[in-house]
């Protein structure tokens with residue numbers, strides 16, 4: 008079942024009902040603003056002003072979606088996994104309007120776990136930031152206590168090749184997740200992601216499905232095809248309903264759009280959160 012929340016802040020979204028829970032999946036648009044504290048949005052006032060704007064963007068998104076604060080990461084193209092249950096909400100929440108200062112933004116950034124995936128077994132809302140890499144949202148059923156296992160992962164070229172998706176799926180299963188579904192969000196497509204021939208060769212040796220030729224007939228990488236292949240091999244159902252090319256779609260941020268076309272920089276986010284629909288049957 009697909010259902011898009013009525014907000015322009017999401018470029019695409021999906022919904023799945025699991026027991027008493029409605030699982031929401033969404034990928035933000037430029038309308039939500041830059042969500043990366045590590046990025047200067049270049050809208051004026053320098054980095055300090057950008058930090059405060061980003062906290063405000065995060066807070067506005069949470070208010071629009073009716074969620075608790077999303078758990079963000081300090082992403083480094085690695086394979087580490089973080090668990091929000093290990094952190095106090097105050098360490099990553101944007102706070103009340105009067106609390107959204109430069110100092111708080113710096114503290115939130117400093118306190119963000121260095122990781123490229125997050126898993127919650129208690130329904131904590133999760134976020135993963137990208138601007139051309141793949142934002143992957145994963146949801147696993149857990150019939151034992153009707154509490155879905157939620158996860159997000161940052162699948163850039165390096166993380167994808169190093170196994171961030173396989174490790175995330177493995178850990179979800181260790182926590183009791185069954186029938187895992189993954190949504191691939193907006194990312195650069197194989198027709199637009201040009202790379203050196205040596206990089207394509209190295210990548211293809213590890214994941215053959217990433218081999219691509221761009222629209223300019225140059226070496227390329229198709230990261231979504233590689234991510235889909237890896238996930239399906241791991242027994243995960245993959246949805247491409249929310250996928251689109253960040254370089255071709257002006258509604259979302261693109262790092263290559265920033266470096267090649269002079270667009271304003273920023274980060275969109277892949278999101279997953281829960282809404283309670285009913286109590287489980289006895």
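Residue numbers (my numbering): 8 to 289. Note that beta-carbon positions come from the ideal geometry of N, C-alpha and C, so glycine has one too.
Coil, strand or helix - residue i by DSSP
i           : result
residue 7   : Beyond the ends of the chain as shown, which are 8 and 289, falls residue 7; an answer cannot be given.
residue 8   : Only weak support exists for where residue 8 lies, its pLDDT of 38 falling under 50; the coordinates are left without a value.
residue 142 : strand
residue 245 : strand
residue 119 : coil
residue 289 : Confidence at residue 289 is low in this model, with a pLDDT of 48, below 50, so its placement is unreliable and the value that follows should be read with caution. Coil.
residue 192 : coil
residue 281 : strand
residue 272 : coil
residue 168 : helix
residue 80  : coil
residue 38  : helix
residue 201 : strand
Residue i classed as buried or exposed, judged by whether at least 16 other C-beta atoms fall within 10 angstroms
i           : result
residue 95  : exposed
residue 222 : exposed
residue 132 : buried
residue 41  : buried
residue 8   : Low confidence applies to residue 8: its pLDDT is 38, below 50, so where it sits in the model is not reliable, and the reading given next is rough at best. Flag for residue 8 reads exposed.
residue 248 : exposed
residue 160 : buried
Among the options, nearest to residue i - alpha-carbon criterion
i           : options          : result
residue 93  : 70, 82, 118      : 118
residue 21  : 255, 245, 261    : 245
residue 81  : 280, 276, 284    : 276
residue 26  : 200, 149, 236    : 149
residue 128 : 152, 257, 199    : 152
residue 33  : 54, 68, 214, 263 : 68
residue 307 : 258, 101, 195    : With the chain covering only 8 through 289, there is no way to say anything about residue 307.
residue 141 : 250, 219, 280    : 250
residue 226 : 208, 130, 236    : 208
Integer Cβ distance of residue i from residue j, believed to fall under 8 angstroms
i           : j           : result
residue 35  : residue 17  : 6 angstroms
residue 46  : residue 272 : 5 angstroms
residue 124 : residue 88  : 5 angstroms
residue 14  : residue 58  : At roughly 24 angstroms, the Cβ-Cβ gap does not stay under 8 angstroms, so residue 14 and residue 58 are not in contact.
residue 243 : residue 176 : 6 angstroms
Residue i - containing alpha helix (DSSP H), residue span
i           : result
residue 57  : 53–72
residue 176 : 171–181
Span of the beta strand (DSSP E) around residue i
i           : result
residue 211 : Residue 211 -> not in any beta strand (DSSP E); alpha helix (DSSP H) instead, spanning 204–213.
residue 262 : First-last for residue 262: 262–268, but that is the alpha helix (DSSP H), not the beta strand (DSSP E).
residue 29  : 28–35
residue 159 : 156–162
residue 25  : 17–25
residue 227 : 226–228
residue 219 : 218–220
residue 128 : Run containing residue 128: none; DSSP gives neither H nor E here.
Below-8 angstroms beta-carbon distance, residue i vs any chain D residue
i           : result
residue 228 : Of the chains in the structure shown, none is chain D; there is only one protein chain.
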